[in-house]
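Peer 1: Sharing a structure, written as C-alpha cells. Questions coming.
Numbering (UniProt numbering), first residue to last: 1 to 987.
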C-alpha cells in the first residue's frame, strides 16, 4: 500500500480543501508532520484511514463528527485519496453521512454516505463502483488487513503502545485479538463451553429421567426407592410382585366357589316365596269374585231385555219422529199467522179471506211495475244534472289553479336563471379547487406518515434505552460472576487436592488447611452463560440502533415530501381540517357543475310551461260554460218525471217501496195457507204411528211404549256387557285352575326369609369382587413393573458413558479456558496470541537493542500472575547491563518511548507477514520524540531511516523543534479562528 495524493474538503478542522502530495514528500523518504496542538495533524492521517475503510480510529470514529464546523453549509465533506495497492493505482472519493441545505425551501436534509472508486487504466481514470459494499469488496483483498490492523500497523499510535507495554495480560490480549485473526480459536473455546453445557445438561437430564423412572417403579411396587440404586433392585421388585399375583389368584378362586353355593340357596328360597305369593293372590281373587256375583247376575238380566227390545227399535223411533213432526207443523202455522198483522190482515183469517187478499195485492203490483221506466228516467236525469254541476265546479277550480301557476312562474324563472349562472361559475372554479384538494391530501398523508415515523423512532429510542440498560446490567452481572468465580477457584483447587500429590499452586504435597469455600461457588458454566447473555444483549442493542437509523431516513423522506407540497407550515390537525374543507368544496362544485345541463333544460321548460298554461286556461273556460247549460236542462226533465210518480205511489216514498209492500202482503197470505195444510197432515200421521208402537211393545212382553223405550241399549253397550260377563266366567275358571297347581300344594304356612338368603349372596359376591380387585391390582403392578424394570436397567446402563463423555468434555473445555489441568492458566486464544507476542518481542528487540546501544530487549513470559489471573501474555524488559529482567512499568519515560516504538514497529512487521506479506510502503509514527536525549534521538532516527529501505515513506508526527531542523520535508498544519490549513515545505 503506497499513498500518492490526499485531498480533504470540509473534513475535521479544515473548512475548505487541503491537499498533500505524498509522492513529493516521498522523494526524501522521511517527512515531518508538525503544527500546534489541535491544529489537525492527526486528522490528515485519519483522512487516509477514512478513504480506505470508511471510518477513523479510536474515539474520533465513535463520535461520528467528521464534518468541519468551520465549513460553509453548501460545501460537501469529502476525502479523495490516490493510492497504489499491489500493482494497481486507485482513486477513492468518499463522503460521510451529513446534513446539507435543502434544494427547495428552508432547512436541511440528510445526505447518505457515498463512495466513488476509480482505477487508472491506460492513463485514464475508469469508474469501478459507486456502492459502498462493492468498493469494500474490491479494496479489502488488496489491502490484506482489517481497519483495526491498519490503524495499528500503518498509523502507529505511540500512546496506545505505551499503554500496551505496561498493560496486564487481559488488556494486552484485547489489542492482539484486534490485530491477529484469532476468532477461530475463540470460536473453539465457545464451542467447547457450549458443548460442556450441553453434555452437562444431557447428564442432568439422564439422571433426572433415571430418578423419575425409579420413582415410578417404586410407586408401582408400593415400596420406597433406595437412596443408592443397585442393578438388582428393579428385578427384585418384579419377582415380589409376581409372587403376590399368584396368592391373589388362589384367594379369588376360593371366593368364587363360596359365592356359587350362596347363589343356589338364594334361588331356591326365592322360588318358594314366589309359590307362596301365587297361592295367596289366587285365594284373594276368589273372595273378590264371590263378592261381585249379584252385580254379575243383574247385568245378565239387563242384557237379555236389551236383546228383546232391539227388534222394536225402528217402530219406536218412527212413532217418536211422527210426533215431533206434528208438533213442528203446528208451531210453523202459528209463526206464519203472526205475519198477517203487519200487512193489515186479521190473525184468525180463514182460507177464503186469505185467497181474496192475495189476489188484490198481485193486481196492484202489476200496475206499479208499469211505472219503472218513469223512475229510471228520473234517476238518469238526476245523475246527468249532478255530473254537469260537478264538471262546472271542476273547471272553475282548474281555472283558478291555472291563474295561480301563471302568477308564480316569473319567480321560478328567476330561480332557474340563477341556477344556470351558478353551475357555469362552478365549472370555471372546479380545476383550481381540485388541484388544491390534491395537494392538501398529499400533505396530510405525508404528515401522518411523519407522525407515525416519529412515533416509531420514539419507540425505538425507548427500546434502545431498555436494551442498553439490560446490556449494562448483564455486563455488571458478568463481572460479578467473574469476580465470584475467581473466589470459587480456590475451592475448586482445594477440592482437587490429594494427600501426597503436589499442589497446583505451591507444589507442596502436604495440605493441612485447604480452603473449603461457602458451598455456593460460581461455576465455569455460570460465568459462560453470563458472558453469552451479555453478548446477545449487545447484538440486540446493535440491531435496535440499525432499525433506528433506518427509521430516521424514513422520517427525513416524509419531511422532504411534506415540504414539497407547500403546506409544511401547518400542523396535522390544520392540514386535515383544510383538506376536509377542500374536499367538501370540490364535491360541492362538482355537484353544482353537474347540474348545468339540467338547469338550462329547466329554464327552457319554464318558458314552454307559460305558453301552455295560457292556452289551457282559455279551453277550461269554454268547457265550464257548456257544463252549466247541461245541468239546467237535466234538472227540468227530472222535475216532470217526479210529479208523475208522486200521483201513483199513494204516499209511498218511492216506487220500489210500494212494489215491495204489495209483494209482502201476497206472500204472507200464501204462507199461512200452506202452513195450515202441513199441520193437519202431520197430526194424522202421528196418531197412526203411536198405535202401531203400542201393539209391538205389548207383543214383546213390555207393559207400554215408555217401558220398551227404557230397555233400549246401544249395540256397543250390548257387546261390552257380553264381554264383561264372559270375562268374569273365565276369571273364576282361572282362579280354580291356579289353586289346583301341584306347586302350590303343601306349602309352608309361614313365609320363607328371602332377604336373609339375598344378604348372604350379596356378602359372598362382595368377597369375590374384593378378591378380583386385589388380583387385578396385582396384575397391573406386575405389568407396570415388567414395562418399567427394563427401562430402568437400560437407563442405568446408558448413564455411565454419558457421565464419562461429559467429564472428558469438561476437562477439555477447562483446559482451553485456562483452568483445570492447565498449568499455564492460559486460554487457547491466549496461547495462540502468546506465540504471536513472542514473535513480536523478538522482532521488536532487534530494533530496541540498536536504539538503546544494546542494553534493552523485550522478552515474552508465560509465568503465573499474582492473584490467580490469566497468564501467557506477559512482557519483560531484559537489561543486558545488569542481567536482570524488569517489569516494563519500571522503564523511564524515554525508555518507555523507545520500547513502545520498537514494539509498534515489530508488531507492524509481524502483522504484515500475518496478512499474507502485503507490502506496506507507508508508515506514520505519532508523537513521543520529546522524551529523548540527543544521542538517543540519533539512534532512533537511524532506525527510522532504515525503515525507508525499498522506497517506503515514513511520516513523523511531532512537536519537537529539533526534528524540524533534521527533516527538511515537512507538512505544517496551521490553526486559525476560521479553521486550519496545510503548508508543504522542502518537497
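Don't be surprised by glycine CBs; every beta carbon is placed ideally from N, CA and C.
Which of the three DSSP states, helix, strand or coil, is assigned to residue 869?
Peer 2: Interpretation of residue 869 is limited by its pLDDT of 49, a score under 50 that renders its predicted location unreliable; the figure taken from the coordinates is listed afterwards. Residue 869 falls in the coil class under three-state DSSP.
Peer 1: Could you tell me which residues DSSP pairs with residue 755 in its beta bridges?
Peer 2: Answer by DSSP bridge pairing: none, since residue 755 is not bridged.
Peer 1: Between the segment 206-218 and the segment 807-819, can you find at least three pairs of beta-carbon atoms closer than 8 Å?
Peer 2: no
Peer 1: By the three-class DSSP mapping on this structure, what secondary structure does residue 917 have?
Peer 2: Note that residue 917 scores a pLDDT of 48, beneath 50, so its modelled location is shaky; the value from the coordinates is reported in the next line. When DSSP states are grouped into helix, strand and coil, residue 917 belongs to the coil group.
Peer 1: In angstroms with no decimal places, state the Cα-to-Cα distance between residue 956 and residue 30.
Peer 2: 8 Å
Peer 1: How far does the alpha helix (DSSP H) with residue 337 in it reach, from first residue to last?
Peer 2: 313-337
Peer 1: Put residue 726 into one of helix, strand or coil per three-state DSSP.
Peer 2: Here residue 726 sits in helix by DSSP.
Peer 1: Identify the residues that DSSP records as bridge partners of residue 70: which are they?
Peer 2: Residue 70 is bridged by DSSP to nothing; it lacks a bridge partner.
Peer 1: Across the segment 715-724 and the segment 321-337, are there enough close Cβ pairs to call them in contact, namely three or more that are closer than 8 Å?
Peer 2: The segment 715-724, when compared against the segment 321-337, does not touch it at the 8 Å Cβ threshold.
Peer 1: Answer with buried or exposed for residue 319, where buried requires no fewer than 16 other C-beta atoms within 10 angstroms of its C-beta.
Peer 2: Burial state of residue 319 is buried, judged by a 10 Å Cβ sphere holding 16 or more other Cβ atoms.
Peer 1: Taking the beta strand (DSSP E) that residue 95 belongs to, which residues open and close that run?
Peer 2: 88-95 is the extent of the beta strand (DSSP E) around residue 95.
Peer 1: What is the C-beta distance between residue 477 and residue 530, in whole angstroms, given that I count them as a contact (C-beta under 8 Å)?
Peer 2: About 5 Å separates the beta carbon of residue 477 from that of residue 530, a gap short enough to meet the 8 Å contact definition.
Peer 1: Can you give the Cα-Cα distance for residue 17 and residue 38, rounded to whole angstroms?
Peer 2: 18 Å
Peer 1: Starting from the Cα of residue 779, find the closest Cα among 248, 835 and 859 and give me that residue.
Peer 2: 248
Peer 1: Given this structure, state the Cα-to-Cα distance separating residue 89 from residue 106, to the nearest angstrom.
Peer 2: 42 Å
Peer 1: Rounded to the nearest angstrom, how far is the Cβ of residue 259 from that of residue 756, given a contact under 8 Å?
Peer 2: Wrong, their Cβ atoms sit about 16 Å apart, outside the cutoff.
Peer 1: For residue 425, which of helix, strand or coil comes out of DSSP?
Peer 2: helix
Peer 1: Under the three-state reduction of DSSP, which class applies to residue 896: helix, strand or coil?
Peer 2: Residue state, collapsed to three classes: helix.
Peer 1: If residue 312 sits next to residue 697, beta carbons under 8 Å apart, how far is it from one beta carbon to the other, in whole angstroms?
Peer 2: Confirmed, Cβ separation roughly 7 Å.
Peer 1: Go ahead and pull the three-state DSSP assignment for residue 601.
Peer 2: helix
Peer 1: Taking all protein chains shown into account, do 16 or more other C-beta atoms lie within 10 angstroms of the C-beta of residue 892, making it buried, or fewer, making it exposed?
Peer 2: exposed
Peer 1: So the candidates are 113, 45 and 43; which of them puts its Cα closest to the Cα of residue 76?
Peer 2: 113
Peer 1: Since residue 843 and residue 909 should fall inside the 8 Å C-beta cutoff, what is the C-beta to C-beta distance between them, to a whole number of angstroms?
Peer 2: The pair is a contact, with the Cβ atoms about 5 Å apart (cut-off 8 Å).
Peer 1: From residue 670 to residue 690, what distance separates their C-alpha atoms?
Peer 2: 32 Å
Peer 1: The alpha helix (DSSP H) that contains residue 222, what's its start and end?
Peer 2: Here residue 222 belongs to no alpha helix (DSSP H), and DSSP marks it neither H nor E.
Peer 1: Can you give me the Cβ contacts of residue 840 inside the same chain, cut-off strictly under 6 Å, excluding the 5 residues immediately before and after it?
Peer 2: 906, 907 and 910
Peer 1: Which first and last residues belong to the alpha helix (DSSP H) in which residue 664 is found?
Peer 2: First-last of the alpha helix (DSSP H) with residue 664: 655-699.
Peer 1: Assign residue 270 to one of three DSSP states: helix, strand, or coil.
Peer 2: The DSSP-derived three-state label of residue 270 is helix.
Peer 1: So, at 8 Å on beta carbons, what are the nonlocal neighbours of residue 453 in its own chain, with the 5 sequence-adjacent residues on each side left out?
Peer 2: The beta carbon of residue 453 sits closer than 8 Å to the beta carbons of 551, 554, 555 and 558 from its chain, once the five residues preceding and following it are set aside; these are given in chain order.
Peer 1: For residue 990 and residue 811, I'd like the C-alpha separation in whole angstroms.
Peer 2: Lying outside 1 to 987, the shown extent of the chain, residue 990 is not represented and no answer is given.
Peer 1: Does the beta-carbon of residue 41 have 16 or more other beta-carbons within 10 angstroms, so that it is buried, or is it exposed?
Peer 2: Result: buried.
Peer 1: What are the start and end residues of the beta strand (DSSP E) that includes residue 310?
Peer 2: Segment: none, residue 310 is in no beta strand (DSSP E) and carries neither H nor E.
Peer 1: Since residue 252 and residue 775 should fall inside the 8 Å C-beta cutoff, what is the C-beta to C-beta distance between them, to a whole number of angstroms?
Peer 2: 5 Å
Peer 1: Helix, strand or coil, according to DSSP, for residue 1055 in the structure here?
Peer 2: Any property of residue 1055 remains undetermined from this structure, which presents the chain solely from 1 to 987.
Peer 1: Pair every Cβ in the segment 120-130 with every Cβ in the segment 7-16, then say whether three or more of these pairs are closer than 8 Å.
Peer 2: no
Peer 1: Tell me where the beta strand (DSSP E) around residue 926 begins and ends.
Peer 2: 922-926
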